[in-house]
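J.:
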Amino acid sequence: MTPSHASGPTVLRFTLNERLQHVLLMASTLVLLVTGFSLLFHDVWIGRWLLWLEGGVQGRGLIHRWAAAVLMGVCGYHLLYILFTERGHAQFMHLRPRRQDARDFWQVVRLNLGRPAERPAFDRFDYRQKFQYYAFFVASVSMVLSGLLLWFATEAMAVMPKWAFDLLAVLHGRESVVIFLLLFVWHLYDVHLRPEVFPMDWSWITGRIRLADLKERHRAEYDRMGKAGVIDVGE
Amino acid sequence: MRHTTSAGRILMAVGALAGLLVLWPEGGTAAIRGSAGLTDRECLRCHGDPALTRVQPGERGRTMYVDPALLAGSRHAKVACSACHTGIAKLPHDARLSRAQCTTCHQREAKAYAGSIHGKGLAKADADVPICQRCHGGHDIAGARDPTSRVQPLRQARICMECHADTRITARHAEMPNVLLIRAYADSVHGQAVTKKGLVVAPTCTGCHGTHDLKPADDPGSSVHRANVAETCGGCHRGILAEYRDSIHAAALATGVKDAPTCTGCHGEHTIAAPTDPASRVAPRNIPKTCGGCHAAERIVKAYGLATKRGETYADSFHGIAAQFGNLEAANCASCHGFHDVRPSSDPRSRVAKANLPATCGTCHPGAGARFAEGRVHIEKTKESAPGVYYVRTFYTWFIGLLMACFLGYMAVEVYGYRRRQQHRKQAGSNRRAGEP
Numbered sequence: 069m070t071p072s073h074a075s076g077p078t079v080l081r082f083t084l085n086e087r088l089q090h091v092l093l094m095a096s097t098l099v100l101l102v103t104g105f106s107l108l109f110h111d112v113w114i115g116r117w118l119l120w121l122e123g124g125v126q127g128r129g130l131i132h133r134w135a136a137a138v139l140m141g142v143c144g145y146h147l148l149y150i151l152f153t154e155r156g157h158a159q160f161m162h163l164r165p166r167r168q169d170a171r172d173f174w175q176v177v178r179l180n181l182g183r184p185a186e187r188p189a190f191d192r193f194d195y196r197q198k199f200q201y202y203a204f205f206v207a208s209v210s211m212v213l214s215g216l217l218l219w220f221a222t223e224a225m226a227v228m229p230k231w232a233f234d235l236l237a238v239l240h241g242r243e244s245v246v247i248f249l250l251l252f253v254w255h256l257y258d259v260h261l262r263p264e265v266f267p268m269d270w271s272w273i274t275g276r277i278r279l280a281d282l283k284e285r286h287r288a289e290y291d292r293m294g295k296a297g298v299i300d301v302g303e
Numbered sequence: 223m224r225h226t227t228s229a230g231r232i233l234m235a236v237g238a239l240a241g242l243l244v245l246w247p248e249g250g251t252a253a254i255r256g257s258a259g260l261t262d263r264e265c266l267r268c269h270g271d272p273a274l275t276r277v278q279p280g281e282r283g284r285t286m287y288v289d290p291a292l293l294a295g296s297r298h299a300k301v302a303c304s305a306c307h308t309g310i311a312k313l314p315h316d317a318r319l320s321r322a323q324c325t326t327c328h329q330r331e332a333k334a335y336a337g338s339i340h341g342k343g344l345a346k347a348d349a350d351v352p353i354c355q356r357c358h359g360g361h362d363i364a365g366a367r368d369p370t371s372r373v374q375p376l377r378q379a380r381i382c383m384e385c386h387a388d389t390r391i392t393a394r395h396a397e398m399p400n401v402l403l404i405r406a407y408a409d410s411v412h413g414q415a416v417t418k419k420g421l422v423v424a425p426t427c428t429g430c431h432g433t434h435d436l437k438p439a440d441d442p443g444s445s446v447h448r449a450n451v452a453e454t455c456g457g458c459h460r461g462i463l464a465e466y467r468d469s470i471h472a473a474a475l476a477t478g479v480k481d482a483p484t485c486t487g488c489h490g491e492h493t494i495a496a497p498t499d500p501a502s503r504v505a506p507r508n509i510p511k512t513c514g515g516c517h518a519a520e521r522i523v524k525a526y527g528l529a530t531k532r533g534e535t536y537a538d539s540f541h542g543i544a545a546q547f548g549n550l551e552a553a554n555c556a557s558c559h560g561f562h563d564v565r566p567s568s569d570p571r572s573r574v575a576k577a578n579l580p581a582t583c584g585t586c587h588p589g590a591g592a593r594f595a596e597g598r599v600h601i602e603k604t605k606e607s608a609p610g611v612y613y614v615r616t617f618y619t620w621f622i623g624l625l626m627a628c629f630l631g632y633m634a635v636e637v638y639g640y641r642r643r644q645q646h647r648k649q650a651g652s653n654r655r656a657g658e659p
C-alpha cells in the first residue's frame with residue numbers, strides 16, 4: 069500500500085526534534101504501562117507472566133523507574149522546548165484552548181448527525197488534538213508526582229502518614245488505566261482508525277502532511293500558510 | 223527363712239550382687255561370679271564352643287555360641303553371665319531359661335519403660351514391641367556414648383526405623399504413625415545435623431520423644447504432647463523458649479486454647495527445616511502461608527475473634543506482592559509482628575503497638591516517623607476504615623466509565639457521519655449518472 073504522504077506535494081508538520089520527543093514519550097509510556105500493569109494485575113495470569121518476563125518485582129521496579137526517568141526527561145525537555153525555543157513556543161501557542169474549539173466540536177457533532185452546520189476550519193491543532201495534549205499532560209503530572217512519592221517512599225515516610233501512601237498507590241494504579249484508555253482507545257482511534265486517516269496518519273514518522281490533507285483537516289492553517297507564502301496554494 | 227525357696231534365695235543373691243555391681247562397677251573378680259556360684263568360665267565351657275546349637279521342635283537350630291571377645295569388649299565385660307541370665311540352679315541348666323534380666327540393675331529405666339507405649343504393649347504380650355535388647359543389643363552392649371553403641375546419637379534413628387519402617391509390623395498396628403512422616407526426619411535440619419554434620423547434640427528420635435519413657439503425642443505425659451512441646455524443644459533452644467513463653471501464642475496455649483501454636487505449629491515436626499531453607503515453613507516466602515494456616519482459617523478467626531482478612535490485605539500490599547514474586551527482603555508477617563515473641567498490638571511491648579511502629583517500620587525504612595504510623599496498617603479498605611482510598615476508587619470507577627462512554631459515543635457519531643456522507647456521495651453519483659444523457 070502506498071502511504072498517503074507519497075502522493076502529492078507535502079509540507080513539514082513536525083520537526084525531527086518533535087518527532088523524537090513523541091517517540092521517546094511513546095516508548096517510555098508503553099514500558100511504564102506494561103511494567104505498571106504487571107503489578108496492578110499481579111493476581112491474574114497475565115500479570116504473573118509479565119512479572120516473570122521482567123525478572124520478578126525487583127526487575128519490574130528497575131525497568132519501571134528507568135522508563136519513568138526517560139518520561140520525566142522528555143517532559144522536562146518539552147517544558148524547556150515550549151518555553152525557550154521559538155518553534156516550541158509557537159507550537160504551544162497553537163495548542164492554547166480557545167472558545168472556538170467548543171464551537172468546532174459542536175459543529176462536527178451536528179454535521180455527523182446530519183443537522184445543518186458549518187464545516188469548521190481548524191487551525192494547526194483541532195479540538196481533538198488539544199484534548200489529547202492536555203489530557204495526557206494532566207495525567208502524566210499526577211503520575212509523576214504520585215510515582216515520585218512512591219519511589220522515594222522511605223524519605224516520604226518522614227512526612228507522610230500511611231493512609232496517604234495507600235491513597236497514592238490506588239491513585240497511581242487507577243490513573244494508569246485512564247492513561248491506557250486515553251492512548252489505546254482515544255489516541256489510537258484518532259491516528260489510526262478514524263476514516264480520514266485509516267490505516268495511519270504517517271506524519272508522526274515522516275513529519276510531513278500532504279497539502280491536500282492540510283487543506284482538508286487544518287483549513288485555517290492552510291489559508292494562513294498560503295497567505296504567508298510558505299506554501300503554494302495553487303490559486 | 224525356712225520357707226524361703228531355692229529360687230527365692232537365688233533372687234536375693236542376684237539382688238545383692240546387683241547392688242554390689244551398682245556400687246562397685248569395677249568389681250574385679252568378685253563381680254565375675256554370678257548367682258549360684260557360677261563363674262563365666264563354667265558357662266563358656268559349653269557356650270564357648272562355636273558348634274553349640276539348640277535344636278527344638280519347630281526350630282532349625284539356633285547357635286548358642288557366645289563369642290568371649292564380644293563379651294570382653296562390651297560394657298558388661300565385668301558383669302557375670304549369671305547376673306543377667308538368672309534362674310540357673312544347676313548345670314547343665316534347663317533347656318529353657320527366662321529372658322536375660324536387665325531390670326535387676328537398671329531399675330529406673332525399667333520403671334520408665336513400664337509406663338511407656340512400648341512397655342504397655344509388652345504388658346499386653348505384644349510380640350512386636352521392643353524389649354531392652356531390641357534397641358541396646360545383647361552381649362555386645364555398649365554404653366550410650368560409646369561410638370559403637372547401637373543407641374549412640376549418630377546411629378540411633380536407624381534402630382527406631384527397624385520397626386517403624388517395617389511394613390509387617392506397621393500393618394499389624396494401625397495406631398503406629400505414618401512411616402513417610404517419620405522418614406521426613408532424615409531431610410530435616412535435625413536429621414541433616416546428625417548425618418551430614420555429625421553433630422551428637424542434634425536431636426535424633428529419642429531427643430524429642432524420650433527414650434525408655436516414650437509415649438504417644440496424645441498422652442499428656444508425653445514429651446511431644448502439645449502442652450510439653452515447648453519445654454522439649456526448649457531443652458536445647460533455651461533462649462527461644464524464654465521468648466516464646468512471653469508471647470500471645472504461649473499465653474493462649476497455657477489457658478487451654480487447643481488451636482494456639484506451640485513450636486511445631488509453625489516449624490513442623492519431622493519436616494523441620496532452617497528458615498534459610500526455601501522449603502521451610504518459616505522461610506520468608508512461606509511465612510504468610512504458615513501464619514495464614516490459622517489467621518486465614520475461618521473457623522479459628524471466628525472462634526477467637528481474630529482480626530479478619532490478614533492474608534488478603536497483606537497479599538495486596540507492596541510487601542505482599544514483592545514477597546510473592548521473589549523479593550526475600552520484603553516484609554512478611556514476622557518482620558513486623560515478630561515471631562517467637564509475637565504479641566497483639568494492644569500490648570505496649572508489641573512491635574506493632576502504635577508507639578513502636580516508627581521503630582519497627584524504621585528497621586527497613588529509616589525515614590519512617592511518628593506521622594507515618596498515623597494510619598492503620600493492612601486493613602481492609604472500606605468506606606469507614608479508609609475513606610480517602612474509598613473516594614479515590616469511587617471517583618475513578620465513575621470517571622473511567624464516563625470517559626469510555628464519551629470516547630465510544632464520539633467515535634460512534636463520527637463513524638455514523640462518515641457512513642452517511644458516503645451514502646450521500648454514492649447517491650449523488652448515481653443521480654448524476656442518471657441525469658446525464
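Chains E and Y are the protein sequences, given in the same order. Okay, so the first sequence: first residue is 69 according to my numbering, each after it adds one. Okay, so the second sequence: first residue is 223 according to my numbering, each after it adds one. By construction, the Cβ of each residue, glycine as well, lies at the ideal position given by its N, Cα and C atoms.
(1) Closer than 8 Å, CB to CB, is Y/Asn549 near chain E or not?
(2) Nearest-angstrom Cα distance between Y/Gly295 and Y/His386?
(3) Can a CB atom of chain C be found closer than 8 Å to the CB of E/Tyr257?
(4) If Y/Cys485 sits next to Y/Cys516, beta carbons under 8 Å apart, how far is it from one beta carbon to the other, in whole angstroms?
(5) Quick one: what does DSSP say E/Arg128 is sitting in, helix, strand or coil?
(6) Judging by CA-CA distance, which residue of E/Glu186, E/Leu130, E/Phe190, E/Ser214 is the nearest neighbour of E/Gly241?
(7) Verify the CB distance criterion: does Y/Gly515 have a CB-CB separation below 8 Å to chain E?
(8) Grouping DSSP H, G and I as helix and E and B as strand, with all else coil, what is E/Ser72?
(9) Compute the beta-carbon to beta-carbon distance between Y/Ala590 and E/Met225, rounded to the nearest angstrom, for a pair I have assumed lies under 8 Å.
(10) To the nearest whole angstrom, what separates the beta carbons of Y/Leu266 and Y/Val288, a pair I think is in contact under 8 Å?
(11) Can you name the residues of chain E whose CB is closer than 7 Å to the CB of Y/Gly589?
(12) Contact criterion: CB-CB distance below 8 Å. Does E/Pro77 meet it with respect to chain Y?
(13) Measuring alpha carbon to alpha carbon, tell me which residue in Y/Gly527, Y/Phe547, Y/Lys524, Y/Pro510 is nearest Y/Thr535.
(14) Where does Y/Thr285 fall in DSSP's three states?
(15) Quick one: Cα of Y/Gly597 to Cα of Y/Val611, how far?
(16) If you run the structure through DSSP and keep just helix, strand and coil, what is Y/Val244?
(17) Could you tell me whether the Cβ atoms of E/Leu118 and E/Ser106 are closer together than 8 Å?
(18) What do you get for Y/Asn653, buried or exposed, if any count of 16 or more other CB atoms within 10 angstroms of its CB means buried?
(19) E/Trp219: which of E/Arg155, E/Ile131, E/Val112 sits nearest, CA to CA?
(20) Given this structure, state the Cα-to-Cα distance separating E/Asp291 from E/Asp300, to the nearest angstrom.
(21) Under a three-way DSSP split, which group does E/Leu179 fall into?
(22) For Y/Tyr638 and E/Asn180, what's the separation of their Cα atoms in angstroms?
(23) Report the rounded CA-to-CA distance for Y/Ala482 versus E/Ser208, giving the unit in angstroms.
(24) Per DSSP, what kind of secondary structure is Y/Val416 in: helix, strand or coil?
(25) Assuming E/Val125 and E/Leu92 form a contact by the criterion Cβ under 8 Å, report the distance between their Cβ atoms to the nearest whole angstrom.
(26) Using the C-alpha atoms, what's the distance from E/Ala136 back to E/Glu147?
(27) Taking only the alpha-carbon atoms, compute the straight-line gap between E/Tyr257 and Y/Gln644 and give it to the nearest angstrom.
(28) Cα separation between E/Pro77 and Y/Met633?
(29) Return yes when the Cβ of Y/His562 is within less than 8 Å of the Cβ of Y/Glu465, no when it is not.
(30) Using CA coordinates, which residue listed in E/Ser96, E/Asp281, E/Ser75, E/Ser210 is at the minimum distance from E/Asp191?
(31) Quick one: grab the DSSP three-state call for E/Val99.
(32) Could you give the residue range of the beta strand (DSSP E) that holds Y/Thr426?
(33) Does E/His110 have its Cβ less than 8 Å from a Cβ in chain Y?
(34) Are the beta-carbon atoms of Y/Arg532 and Y/Ala518 separated by less than 8 Å?
(35) Suppose the cutoff is 8 Å on Cβ atoms and the five residues either side in sequence are ignored; what does the same chain contact list for Y/Ala505 look like?
(36) Helix, strand or coil for Y/Ala253 per DSSP?
T.: By the coordinates alone:
(1) Yes - at least one Cβ of chain E is within 8 Å of the one on Y/Asn549.
(2) So the two alpha carbons sit approximately 30 Å from each other.
(3) You won't find chain C in this structure, because its protein chains are E and Y.
(4) About 14 Å separates the two Cβ atoms, so there is no contact after all.
(5) DSSP, reduced to helix, strand and coil, places E/Arg128 within a helical segment of the structure shown.
(6) For E/Gly241, the closest C-alpha among the options E/Glu186, E/Leu130, E/Phe190, E/Ser214 is that of E/Ser214.
(7) Closer than 8 Å: no.
(8) With a pLDDT of 46 at E/Ser72, under the threshold of 50, the modelled position of that residue is not reliable, and the figure given next carries that caveat. Looking at E/Ser72 - three-state DSSP - the assignment turns out to be helix.
(9) Y/Ala590 to E/Met225, Cβ: 4 Å. Contact.
(10) Their Cβ separation, rounded to whole angstroms, is 7 Å, which keeps Y/Leu266 and Y/Val288 in contact under 8 Å.
(11) What Y/Gly589 touches in chain E: Thr222, Glu223, Met225, Ala226.
(12) Answer no: the Cβ-Cβ gap between E/Pro77 and chain Y never drops below 8 Å.
(13) Its Cα nearest to that of Y/Thr535, the residue Y/Pro510 stands out among Y/Gly527, Y/Phe547, Y/Lys524, Y/Pro510.
(14) Y/Thr285 carries a strand assignment under DSSP once its states are collapsed to helix, strand and coil.
(15) Answer to the nearest angstrom: the Cα atoms are 12 Å apart.
(16) Annotation note: pLDDT 45 at Y/Val244 (below 50); position unreliable, no value reported.
(17) Taking C-beta atoms as the reference points, E/Leu118 and E/Ser106 count as a pair closer than 8 Å.
(18) Burial is judged here by how many other beta carbons sit within 10 angstroms of a residue's own beta carbon; Y/Asn653 has fewer than 16 and is exposed.
(19) If we check each option's Cα against that of E/Trp219, E/Ile131 comes out closest.
(20) A direct Cα-Cα distance of roughly 10 Å separates E/Asp291 from E/Asp300.
(21) DSSP, read as helix, strand or coil, puts E/Leu179 in helix.
(22) Rounded to the nearest angstrom, the two C-alpha atoms are 7 Å apart.
(23) Each residue's CA atom was taken as its position, placing Y/Ala482 and E/Ser208 some 50 Å apart.
(24) Helix.
(25) The pair is not a contact, with the Cβ atoms about 26 Å apart (cut-off 8 Å).
(26) According to the sequence provided, residue 147 of chain E is Leu. The question's Glu does not apply to it. Taking the straight line joining both Cα atoms gives about 16 Å.
(27) The C-alpha of E/Tyr257 lies about 20 Å from the C-alpha of Y/Gln644.
(28) Taken atom to atom, the span from the alpha-carbon of E/Pro77 to that of Y/Met633 is near 30 Å.
(29) Result yes, Cβ atoms of Y/Glu465 and Y/His562 sit closer than 8 Å.
(30) Taking each of E/Ser96, E/Asp281, E/Ser75, E/Ser210 in turn and checking the Cα distance to E/Asp191, the smallest one comes out for E/Asp281.
(31) Secondary structure at E/Val99: helix, using DSSP grouped into helix, strand and coil.
(32) Note, Y/Thr426: premise wrong, no beta strand (DSSP E); not H, not E.
(33) Taking CB atoms only, E/His110 has a neighbour in chain Y less than 8 Å away.
(34) Their beta carbons are under 8 Å apart, which means Y/Arg532 touches Y/Ala518 by this criterion.
(35) Counting only Cβ-Cβ distances below 8 Å, and skipping sequence neighbours, we find Ala495, Pro497, Thr498, Asp499.
(36) Its pLDDT being 42, under 50, Y/Ala253 is placed unreliably in this model, and the coordinates cannot settle the point.
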